[in-house]
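4 protein chains.
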Amino acid sequence: MPKVSDAYKEKKRADILRHALACFGEKGFQSATIDEIALRCGMSKGAIYGYFASKEEMYIRLMESGTEEMFRMLRDDFAGLPAVHKLRTLIRHYRNQELTSEWVGAGRVHMEFWIHSARNEDVKRVMVDRYERFVALVEEIVEEGKREGVFGDVHAREMSELFWAMADGIFLRITVLDRQELYEKLWDDAEEMFLRTLSRNGDGAAL
Amino acid sequence: MPKVSDAYKEKKRADILRHALACFGEKGFQSATIDEIALRCGMSKGAIYGYFASKEEMYIRLMESGTEEMFRMLRDDFAGLPAVHKLRTLIRHYRNQELTSEWVGAGRVHMEFWIHSARNEDVKRVMVDRYERFVALVEEIVEEGKREGVFGDVHAREMSELFWAMADGIFLRITVLDRQELYEKLWDDAEEMFLRTLSRNGDGAAL
Amino acid sequence: MPKVSDAYKEKKRADILRHALACFGEKGFQSATIDEIALRCGMSKGAIYGYFASKEEMYIRLMESGTEEMFRMLRDDFAGLPAVHKLRTLIRHYRNQELTSEWVGAGRVHMEFWIHSARNEDVKRVMVDRYERFVALVEEIVEEGKREGVFGDVHAREMSELFWAMADGIFLRITVLDRQELYEKLWDDAEEMFLRTLSRNGDGAAL
Amino acid sequence: MPKVSDAYKEKKRADILRHALACFGEKGFQSATIDEIALRCGMSKGAIYGYFASKEEMYIRLMESGTEEMFRMLRDDFAGLPAVHKLRTLIRHYRNQELTSEWVGAGRVHMEFWIHSARNEDVKRVMVDRYERFVALVEEIVEEGKREGVFGDVHAREMSELFWAMADGIFLRITVLDRQELYEKLWDDAEEMFLRTLSRNGDGAAL
DNA sequence: GATGAATGAGATTTCATTCAT
DNA sequence: GATGAATGAAATCTCATTCAT
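Chains as they are written, first to last, in UniProt numbering: chain A, 1 to 207; chain B, 1 to 207; chain C, 1 to 207; chain D, 1 to 207.
Structure, rendered in structure tokens:
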């Protein structure tokens, strides 16, 4: 078995992370045990430790992973769109997400990260770095809209922060309530509210 | 014929909860230990168990507590105000909150409740009950504003849900980032955005 | 059971240390397990940790303990004796020690401390402090003998260091070989060799 | 018809042992890991197991090794010398040893052997065999000195045992204290003390 | 009623050894 | 023959909860 390719190892790491995410989603970071993750992976506990130095490291890698592909995907979808449609694309990406148990579980883990990061500098650093990128994404779109003349004279950075606060607030509730129709409505209302606020004359008419 | 009066016991329970909140805020529910809480209370571990059957029960009681006085306080402040000012009062109540470590800690515990409640039916029931009241509060204000003719034809229930999502989103970030000036700006922007969305003609001018 | 006297706790600590010493003696520090110590003590693992923060701490306390009573005992036996007889008393104290398995085990632990202390600063500090006292003891006796005119112009400090090196060397072998008659002979020869070296005219005749 | 010559294998074994010695010296037998040794050797773990059946076996072979060349070297240096000078040569061989970290590390391993051997019959057998040779070496020199008429009527075997006890005692302390000047002084004093004890008239004058 | 010593089930992590490739 | 991924049996330490005093 040894002398495996890097690709194999990378696949294995991703595999473990996938199962770990499921466990963390179901039980929470603290309550999920390595035994359980190993069981789900069909590996021994020791093997897990060959890929990750600690449960904490798995947690952190989990947070880092997925960001890249998410951004790549958005970049593709955004290509050539005006600011308003970029925002709508982003919002609908979330809005149309089906609330599978995997996705809700992942959302819970994501929420837990925020809490956890408040108490752990390593996690915090990763989390803040990651969020800086998300904030920058929307901030740039808003600036773009301002240049295009469709958005009014808003403070792009603050608007972005508010956007993500709203998004996290929606995730937070849905994580518990798990109601698809509420989720969609919240995003629809949020979309309207947010775009109206950004729009030049404040009524969002032209959008 | 109990040795201590019920009032005394109630005071003691509140006392324990206060200290427990501080511990949970600092370390998180799982990491905070009974030993630590007992130490802070200046009581023995055994004594704590005379008031609460388990750590989990303390957690749940904590979630319940505080709501009543919060509502009482708001009811007093709201007396006789038109809907718009009720909302502004509510928002400013949060906005003007100083980010002391106690308050931020309590915020973290609040966030943790949401996560925790997703995985525990007992906690969930309490949490959902509690949130129902908060949602109803803003829902009623919105309905009132509609009757007053200052709010447009919005869906009061959804608006209220969105409001609290936004609020929780703000708390979530601030719980980690702990930046007073960001906190205030987010609330200021949220206030404007939310009231504009509610206002009759959509530009918030009259508000 | 709680609210026990300090004396009770102290007795318990000593009890645990006694059993730990036996385990360490038999298996060595690393191989001895907390489970085993607990079993021998007739306590639970958790109870042990109520008295000592870690296996390492037990080890260190073990090293500290016993020194005091040893010194007290020697001080009593030494009272009023001339330097030569103090030394002879000290040497015979060791020489006449019966090589019970407890004593040999304790000796092994003592030897292990030296090794361990080379690699661990905390242990080293305790060990060096302790040894400084032993070295000072013999150094003072030698100085006393010089003032009495029975010891020649030797370097008291070095002689003391050499004495204890010799002692440790004897313990080291006996710890493995476990032969009472060899042990006694080694001490007899050591006594003669050492006192001859210290004596004024170098032949030890007057001693 | 093996692919590699026996000589190659032997060299490889020696190579591994050399690196293992360094690891054991630094961390101790138990704490040193096979991973670490393999890393240092620039080999895989599996390869190591091709040369030694277990970590324990490496330890034992390590104990055996080195003795032969040490004895050969001494035999050469001793050639034609009278007993007293043989002893002085031996003592100075140690005394002039520079306390490099390798040497001190090796000393620690040597000390650990003693402890370890007390608890493991296999190790003990090897250790006792080895030490029998060292004791015999000095014993023979003492007998030789007695025949030459320069040593008094001492018990050669006991003197030899005492000599090595003293030597080990010195190594034990130096292994921890790591002070070159103390090391040299201890050996100088030991040399004088020991030779005086052996000398015919007990004052070592003629030596 | 209060106390805090004791319990004991588990959690994370380590590592010598094996063996499929 | 070499490799190093995988195993799995420990080992240390934690802590909510109980209950004798």
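From the three backbone atoms N, C-alpha and C, an ideal C-beta is built for every residue, glycine too.
Any C-beta of chain A under 8 Å from that of residue i
i, result
"B:GLN30", "yes"
"B:ASP189", "yes"
"B:MET1", "For B:MET1, the pLDDT reaches just 43, beneath the cut-off of 50, and the residue's location in the model is therefore unreliable, although a value from the coordinates is still provided. By this cut-off, B:MET1 is not an interface position."
"B:GLU36", "no"
"B:THR197", "yes"
For residue i, the nearest candidate out of the options (CA to CA)
i, options, result
"C:HIS93", "C:MET127, C:ALA167, C:ASP129 and C:GLY50", "C:ALA167"
"D:ALA156", "D:VAL126, D:ALA20 and D:LEU198", "D:LEU198"
"C:LYS27", "D:ALA118, D:MET159, D:CYS23 and D:MET70", "D:ALA118"
"C:VAL126", "C:MET70, C:ARG61 and C:GLU68", "C:ARG61"
"D:LEU172", "D:LYS9, D:VAL109, D:ILE16 and D:ASP6", "D:VAL109"
"C:GLY105", "D:HIS116, D:THR100 and D:GLN97", "D:HIS116"
"A:THR100", "A:ASP35, A:VAL176, A:SER54 and A:LYS124", "A:VAL176"
"A:GLY169", "B:MET193, B:LEU74, B:GLU64 and B:TRP114", "B:TRP114"
"B:ALA165", "A:ARG147, A:LYS185 and A:GLU158", "A:LYS185"
"A:PHE163", "A:ILE91, A:ILE16 and A:ARG179", "A:ILE91"
"A:GLU112", "A:VAL150, A:GLY25 and A:ALA47", "A:GLY25"
"A:ARG13", "A:MET70, A:THR33 and A:TYR59", "A:TYR59"
"B:GLU121", "B:GLY149, B:GLN180, B:GLU57 and B:SER65", "B:GLU57"
"A:ASP178", "A:LYS55, A:THR89, A:GLY149 and A:GLY107", "A:GLY107"
"D:ALA83", "D:THR67, D:GLU143, D:MET193 and D:ARG75", "D:GLU143"
"C:ARG200", "C:ASP153, C:GLN180 and C:MET193", "C:ASP153"
"C:SER65", "C:LEU39, C:ALA38, C:ILE141 and C:LEU21", "C:LEU21"
"C:ARG18", "C:ILE37, C:TYR49, C:ARG95 and C:ASN96", "C:ILE37"
Exposure label - residue i; buried when at least 16 CB within 10 Å
i, result
"residue 209 of chain A", "With chain A running from 1 to 207 in the structure shown, residue 209 of chain A is simply not present."
"D:GLU161", "buried"
"C:GLU139", "buried"
"A:VAL4", "exposed"
"A:ALA79", "exposed"
"D:LYS86", "buried"
"C:GLU191", "buried"
"D:ASP129", "exposed"
"D:ASP189", "buried"
"B:PHE29", "buried"
"D:PHE52", "buried"
"D:ARG133", "exposed"
"D:TYR131", "buried"
Residue-chain proximity (residue i, chain B), Cβ-Cβ < 8 Å
i, result
"A:ARG125", "no"
"A:VAL138", "no"
"A:LEU182", "yes"
Min CB distance residue i to chain C below 8 Å
i, result
"D:ARG119", "yes"
"D:LYS27", "yes"
"D:VAL176", "yes"
"D:ALA22", "no"
Per DSSP, the bridge partner or partners of residue i
i, result
"B:SER44", "None, per the DSSP bridge assignment."
"C:SER199", "C:PHE151"
Beta-carbon neighbours of residue i, restricted to chain D and to distances below 9 Å
i, result
"C:LEU186", "GLU158, GLU161, LEU162 and ALA165"
Contact list for residue i against chain D, beta-carbon separation under 7 Å
i, result
"C:ILE170", "ALA165"
Partners in chain B for residue i, counting only beta-carbon separations shorter than 9 Å
i, result
"A:ARG173", "TRP114, TYR131, GLU161, TRP164, ALA165 and ASP168"
Residue i: contacting residues in chain B (beta-carbon distance under 7 Å)
i, result
"A:THR67", "Per Cβ cutoff of 7 Å: no residues; A:THR67 is ~17 Å from chain B at best."
Contact set between residue i and chain A, taken where Cβ atoms lie within less than 8 Å
i, result
"B:VAL142", "The premise fails here: B:VAL142 is roughly 12 Å from chain A at the closest Cβ pair, so nothing lies under 8 Å."
Chain-ordered chain C contacts of residue i [CB-CB under 7 Å]
i, result
"D:ARG108", "ILE115 and ALA118"
Beta carbon proximity, residue i to chain D, threshold 8 Å
i, result
"C:MET111", "yes"
"C:MET193", "yes"
Beta-carbon neighbours of residue i, restricted to chain D and to distances below 8 Å
i, result
"C:LEU62", "None at all; the shortest Cβ gap to chain D is about 16 Å."
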